[in-house]
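Here is the structure we will look at.
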Amino acid sequence: MYSLLNENIQYIKGVGPKKAEKMNKLNIYTIRDAIYYFPRQFEDRSKEKKIFQLVDTEKITVRVKIDRITGNKFKKINMTILYVSDDTGSAKLVFFNRNYIKNTFRVGDIVKVFGTVKIMDNSAIEMHNCEIEYDRVDKNTGIILPVYNLSKGISNKDIMGVIRNIFDSSDIKIPEYLPSKIITQYNLTDIEFAIRNMHFPTSKENLKIAMYRMIFEEFLFMQLGLFVIKGGIKIVEGISFKKSEELSLIEQSIPFKLTRAQKKAYNEILEDMSSKKSMNRLVQGDVGSGKTVVAQLALANCALNGYQGAYMAPTEILAKQHYESFIEFFKDTKIKVKIITGSTTKKQADRILEELESGNIDIIIGTHALIQERVVFKNLGLVITDEQHRFGVKQRGKLSVKSSNPDVLVMSATPIPRTLALILYGDLDISIIDELPPGRKPIETIAIEKRKREDFYNKKVKEELSKGHQVYVVCPLVEESEVLDVLSVEEVYEQLKHEFFKDYRVGLLHGKMKASEKDEVMELFKQKEIDILVSTTVIEVGVNVPNATYMIVENAERFGLAQLHQLRGRVGRGSDKSYCTLIYDSKTEVTKQRMGIMEETNDGFKISEKDLEIRGPGDFFGTRQHGLPELRVANLFKHIKILRVAQKVAREIYADDPALMKKENHQMKLNVSRMFESIGENMSL
Ligand code: ADP
Ligand code: MG
Numbered sequence: 234m235y236s237l238l239n240e241n242i243q244y245i246k247g248v249g250p251k252k253a254e255k256m257n258k259l260n261i262y263t264i265r266d267a268i269y270y271f272p273r274q275f276e277d278r279s280k281e282k283k284i285f286q287l288v289d290t291e292k293i294t295v296r297v298k299i300d301r302i303t304g305n306k307f308k309k310i311n312m313t314i315l316y317v318s319d320d321t322g323s324a325k326l327v328f329f330n331r332n333y334i335k336n337t338f339r340v341g342d343i344v345k346v347f348g349t350v351k352i353m354d355n356s357a358i359e360m361h362n363c364e365i366e367y368d369r370v371d372k373n374t375g376i377i378l379p380v381y382n383l384s385k386g387i388s389n390k391d392i393m394g395v396i397r398n399i400f401d402s403s404d405i406k407i408p409e410y411l412p413s414k415i416i417t418q419y420n421l422t423d424i425e426f427a428i429r430n431m432h433f434p435t436s437k438e439n440l441k442i443a444m445y446r447m448i449f450e451e452f453l454f455m456q457l458g459l460f461v462i463k464g465g466i467k468i469v470e471g472i473s474f475k476k477s478e479e480l481s482l483i484e485q486s487i488p489f490k491l492t493r494a495q496k497k498a499y500n501e502i503l504e505d506m507s508s509k510k511s512m513n514r515l516v517q518g519d520v521g522s523g524k525t526v527v528a529q530l531a532l533a534n535c536a537l538n539g540y541q542g543a544y545m546a547p548t549e550i551l552a553k554q555h556y557e558s559f560i561e562f563f564k565d566t567k568i569k570v571k572i573i574t575g576s577t578t579k580k581q582a583d584r585i586l587e588e589l590e591s592g593n594i595d596i597i598i599g600t601h602a603l604i605q606e607r608v609v610f611k612n613l614g615l616v617i618t619d620e621q622h623r624f625g626v627k628q629r630g631k632l633s634v635k636s637s638n639p640d641v642l643v644m645s646a647t648p649i650p651r652t653l654a655l656i657l658y659g660d661l662d663i664s665i666i667d668e669l670p671p672g673r674k675p676i677e678t679i680a681i682e683k684r685k686r687e688d689f690y691n692k693k694v695k696e697e698l699s700k701g702h703q704v705y706v707v708c709p710l711v712e713e714s715e716v717l718d719v720l721s722v723e724e725v726y727e728q729l730k731h732e733f734f735k736d737y738r739v740g741l742l743h744g745k746m747k748a749s750e751k752d753e754v755m756e757l758f759k760q761k762e763i764d765i766l767v768s769t770t771v772i773e774v775g776v777n778v779p780n781a782t783y784m785i786v787e788n789a790e791r792f793g794l795a796q797l798h799q800l801r802g803r804v805g806r807g808s809d810k811s812y813c814t815l816i817y818d819s820k821t822e823v824t825k826q827r828m829g830i831m832e833e834t835n836d837g838f839k840i841s842e843k844d845l846e847i848r849g850p851g852d853f854f855g856t857r858q859h860g861l862p863e864l865r866v867a868n869l870f871k872h873i874k875i876l877r878v879a880q881k882v883a884r885e886i887y888a889d890d891p892a893l894m895k896k897e898n899h900q901m902k903l904n905v906s907r908m909f910e911s912i913g914e915n916m917s918l
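First residue of the sequence shown: 234, per this note's numbering; consecutive thereafter.
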C-alpha cells in the first residue's frame, strides 16, 4: 500500500536538501523514520508558577509582561535585559549576546519564559539566557519537552519543528497496523495517539499510555519475527543416544578433574541426548570456565553412537585452535576429526565434503563454511555452535536443518540474561558453568587515564616483559571518517614498535588481513616469537596463549563492558598472575563508573547487568550483538512484565497464523519484516 510515510523527509516543509542530509546522519530518511525517532528523554516544562512562588535554582515556566527593555555592551558581550512582571511580583531576564531579543519583543508584550531561577543577594529574581516566546505559540515553554539525540547541524528545535510539521500536515495519516482484536483485548491506545504523545505528550499520564503501546508492539514484532525466522518453538523427536563404555574411558583419560559445574552441565547434556526429545540447550559459562571439554565429551558421545557431529566457531583462528585441541583430545580413539574453513583449498575441501557425505568423518569443525549449501552430512546427530551470538539467528538455523533433527547445543561466554535467552530461543534449556577450574588467580585490573599511558608502558609493561611473559594490546576499530582523538591499531603498532619497545618483537593483527597472514601472526605469538601483539578485537573470543599475562586495552571507554570482560579473559589462562590495564580517554562520570566496575569484579554476569544499569534506556546494549533488531523504547530489563504479555500474544498469533497470511495480520506483517530488514534478515514474508 502506498503511504506518504514512505516519502523522503524532504517532502516536509522546512526540510531542504542540506537539512535532509544532516537528518540522514541520524538514520532519518523518510517521514516514517522521523516519527519513529523518539526522544531520548523529556524535560517537564509544563509546570507554571507565579513570580512570588519562585524558588532559587528551580527550572520553571512563568508567564509575564514586558515592562522595560535595555541593552548594554561590556567589552565584547552584548547584554539585553528585559524587566518583566506579573500580578505577584517582578523579575529581570538577562540575555548575553542575543541581540535578536531586542528586535523581537516589545514593551507590553505578554511572553512565556522557561529557565533556571536565580535569586540574587538583594532578593531580586533573575533568569539568564532563558527560553522566551509569545504565549500564543506555545512551543518550547509550558510543555513536556522532548529531548532528542542530535547530530552536528541539527538542533533539538529542528527536530521538534520537523515532527510538528508532520503532525500538522493534514494529508499525512498514521494508519493503525495492530489487529483491532489485540488493541481491545490488551487495552492499547491507537497508533496515532501513541506516536503523537511519544513526541509531544499532553500529560505524563498520556506519555505512559503511549509508551506502553510502543513497548508492547516492539516486543510483539520482535518475538513474531523470531518465530517466523526460526519456525517457532518445536518439540521434535530426536535421536536417543546411548552412553557407551568407551565414553567412560574417554572421560577417564582427561588430564584434569572436571569441576562440579562442568560435571553438572555434562550430565544435563547426556540426559538430553539420551532422551527421545531433541536437545536444545545453551551452555553458559564465563571465559575460561572450561566449556570446550564439555563440548568434546558431548561430541564423543555422538560419534560413539555412530552419528556425525559438527562444531561451528565464529572465527577462523578459533576454529583452528579448537581443531588442535580436538585432535589432542581424540588422539587415542578411532574418532576422526577434520576442519573446514574459508581458507581450506578447493581440493582439500572437495575431499572433506566427500568424506562427510560418506560418513567417513565423525566430527567436523569449521566456521561459516560449514553452512554452505554443498556441505552434506551422512547422518548429522549433534550441532554445537560456539559463542553463538556472533551468528545471525538464521545462520544458526541453517546448520540444524542439515539433518532432520539433530541435537543442538549452544556455548556462550556472554552472560545472557534469562529474559533475553527466552526471547532468543524460546523454550531453551540452560546449563550454567558458574565455577572456574581450581588454581586460577584473579586477574588484577586497573584503569588509567590516557595521560599516564607512556609512563605505564615504560615501567609496568616492561617489567612484565622482562619476566618472559607476553602482552596483548587491543585497540578499538576506528573508521577513517572519524575525527575523534582515537588511536588506530596501526598507529599504536607503529608507536610501540618504534618508540616504546624498540628492543622487543611487536606484532600486528587485524580483521583486514588475509586469513593466512592472521594465522601466521597468531602462530608466531604462540611460539613466543612475538612479545607484544597489537590487535583489534579479532582476538576477542577464545584465543588461548597461557604465557600471555597482560591485557592492555586502548580507548577502553569505547568498548562494551561485556566485551572488555571477554578480552580480559584472554589472560589468566596459565599459572602466572595476570593483569589487565584499561587505558581510557574520557572524563565523563559514566566512563569512570564503568571502568570502576571492571576494576571491582571478575564476574561476567554482574558486569553485564551493571553495564545495563548505567546505560540508560534506548541505548540498549547487545541486542545487535545477539542478532536482534534494535529496540527503540522497549528495555528487556525494565519492561519484563510487558515482554511476557507480548510473548504470549506472539505465541497465539503464530499458532493461529504462522505465515501471517490472514487479512487482519497483513499490516503487522509489514512492520515485522521492516524491523528485521534493518539487521539484514530477509524474512521472505
Ligand atoms: P572456555 O569456557 O572459555 O571455552 P576453555 O574450554 O578454553 O574455556 O578452558 C580454558 C582452559 O582451562 C583450557 O586450557 C582447559 O584445558 C582448562 N580446563 C578446563 N577445565 C578444567 C578443569 N576442570 N581443571 C583444570 N583445567 C581445566
Ligand atoms: Mg571457548
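Beta carbons are placed, not taken as given, at the ideal position from N, Cα and C, and that holds for glycine.
Computed from a predicted structure; not experimentally measured.
Pair within 8 Å by beta-carbon distance, residue i and residue j
| i | j | result |
| --- | --- | --- |
| L742 | S768 | yes |
| I448 | H872 | yes |
| K351 | D289 | yes |
| R607 | L586 | yes |
| I840 | I830 | yes |
| E364 | F347 | yes |
| F474 | N538 | yes |
| Y737 | T782 | no |
| H432 | I396 | yes |
| L503 | A883 | no |
| E897 | P412 | yes |
| N904 | F454 | yes |
| M393 | V516 | no |
| G592 | K611 | yes |
Residue i beta carbon near the ligand ADP (any heavy atom closer than 7 Å)
| i | result |
| --- | --- |
| N538 | no |
| V526 | yes |
| P670 | yes |
| Q495 | yes |
| N788 | no |
| T492 | yes |
| N777 | yes |
| S808 | no |
| A680 | no |
| G521 | yes |
| A646 | yes |
| G471 | no |
| F489 | yes |
| G249 | no |
Exposure label - residue i; buried when at least 16 CB within 10 Å
| i | result |
| --- | --- |
| F909 | buried |
| M353 | exposed |
| H731 | exposed |
| E750 | exposed |
| I310 | exposed |
| M894 | exposed |
| L918 | Low confidence applies here, because L918 scores a pLDDT of 47, under 50, leaving its location unreliable; read the following figure in that light. So L918 ends up on the exposed side. |
| N305 | exposed |
| P272 | buried |
| K251 | exposed |
| G249 | exposed |
| H555 | buried |
| G952 | Since the first residue shown for the chain is 234 and the last is 918, residue 952 is missing from the structure and cannot be characterised. |
| N534 | buried |
| A888 | exposed |
Any C-beta of chain D under 8 Å from that of residue i
| i | result |
| --- | --- |
| G386 | As a matter of chain content, chain D is missing from the structure shown, which is built from one protein chain. |
Bridge partners - residue i, DSSP secondary structure assignment
| i | result |
| --- | --- |
| E822 | Looking at the DSSP assignment, E822 forms no beta bridge with any residue, so it has no partner. |
| V643 | L515, T618 |
| S811 | Partner(s): none; S811 has no beta bridge. |
| M455 | BP columns for M455 are empty, so no partner. |
| V776 | In DSSP, V776 forms no bridge with anything. |
| M784 | Y705, C813 |
| E501 | Its beta-bridge partners do not exist; DSSP assigns none. |
| F328 | T313 |
Integer Cβ distance of residue i from residue j, believed to fall under 8 Å
| i | j | result |
| --- | --- | --- |
| H300 | S279 | Per the sequence presented here, residue 300 reads as Asp, with His not at that position. No, D300 and S279 are not in contact; Cβ-Cβ is about 26 Å, not under 8 Å. |
| L378 | F275 | 6 Å |
| S911 | E863 | 7 Å |
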